[in-house]
Amino acid sequence: MNLRTTNQREEEIVRALFRTGGSCRVSFLAKELGVTLETIRRNVRTLEERGIVRKVHGGVHLLEDILEPNLESRLDKKVDAKESLAKAVAETISNGDSLFLDIGSTTAYVAQELRYHSDLFVVTNSVFVAHTLASRNNNKVFMAGGELRPHDGGAFGLEAQRLIEQLNVRFAILSVGAVNADQGFMLHDLQEANLANIAINKAQVRIVVADSEKLGKRAPVTLEAANKINLLFTDTQPSQDIQQMLARNDIDLAVVE
-8 MNLRTTNQRE EEIVRALFRT GGSCRVSFLA KELGVTLETI RRNVRTLEER GIVRKVHGGV
52 HLLEDILEPN LESRLDKKVD AKESLAKAVA ETISNGDSLF LDIGSTTAYV AQELRYHSDL
112 FVVTNSVFVA HTLASRNNNK VFMAGGELRP HDGGAFGLEA QRLIEQLNVR FAILSVGAVN
172 ADQGFMLHDL QEANLANIAI NKAQVRIVVA DSEKLGKRAP VTLEAANKIN LLFTDTQPSQ
232 DIQQMLARND IDLAVVE
């Protein structure tokens, strides 16, 4: 995994900050991760230089645009845009197609639009997606195994990775935390990025769906296989520098007004 914005230790710090609501003391991080205060301070300095955290008075804060709320609250944001995007993506899927859907809120809307398709072969690590598409219209739904995370109902870890590695699908439909001209596609979580990279490599057509709120933002983890993405669906014309990034990587753009 080639992380341009964080290493493994820094990822652990970011996840610990997520668990504490985005803010905690340096001494707490050292105790939580079982390392020295100097190790935490050194990694925090690097994270601060990269615009991921801010250090104040012995404490550390995640920057606001790095924080990711839980799935339920994300489903209630930009509903009209996500519904339009989901409808456009669903129109590219035919009855009988095979696809991977991740745990994102926008891909949850895609799953809802796919309820009227039939004979789908669906692989997912999302309880929401599995519940939406299983046991209807002769679909086959494969739910990746592993412990479910409480904030998004997603399964991760080796069991989930092994299932996805065994299967070949036509489409991988992915959400991201940010689309950045310098870093490409970015996610909030290392486990999500690892699973997304596997799904990308096991699919023929790779689609990212991201509403305009994600454009120009940053997230802690850069998606390694981003140069294999084929198509970005979004609801607003991206900035010129993002369009240039897409062109460099031969990624088609679909703007759904």
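Heads up: the sequence shown begins at -8 in my numbering, then just goes up one per residue.
For every residue, glycine included, the Cβ atom is placed at its ideal position computed from N, Cα and C.
Keep in mind it's a predicted model, so treat the numbers as computed, not measured.
Cβ distance (whole Å) where residue i is taken to contact residue j below 8 Å
i	j	result
Val114	Leu158	5 Å
Thr227	Ala201	The Cβ separation is near 10 Å, so there is no contact.
Val44	Leu54	7 Å
Glu150	Ala135	7 Å
Asp241	Ala172	Their Cβ separation, rounded to whole angstroms, is 16 Å, which puts Asp241 and Ala172 out of contact at 8 Å.
Leu214	Leu178	6 Å
Val160	Ser89	4 Å
Leu38	Ile4	7 Å
Val120	Leu92	5 Å
Buried/exposed call for residue i, threshold 16 Cβ in 10 Å
i	result
Gly87	exposed
Glu82	exposed
His108	buried
Ala169	buried
Arg239	exposed
Lys131	exposed
Ser117	buried
Whether residue i touches residue j by CB criterion (8 Å)
i	j	result
Phe176	Ile220	yes
Gln234	Leu244	yes
Leu76	Thr97	yes
Arg209	Gly25	no
Gly144	Gly137	no
Ile198	Ala216	no
Gln152	Leu181	no
Three-state secondary structure (DSSP) of residue i
i	result
Ala249	The shown model of the chain, from -8 to 248, leaves out residue 249, and the question about it has no answer.
Leu105	helix
Thr37	helix
Val247	coil
Phe147	coil
His122	helix
Ala81	helix
Lys131	strand
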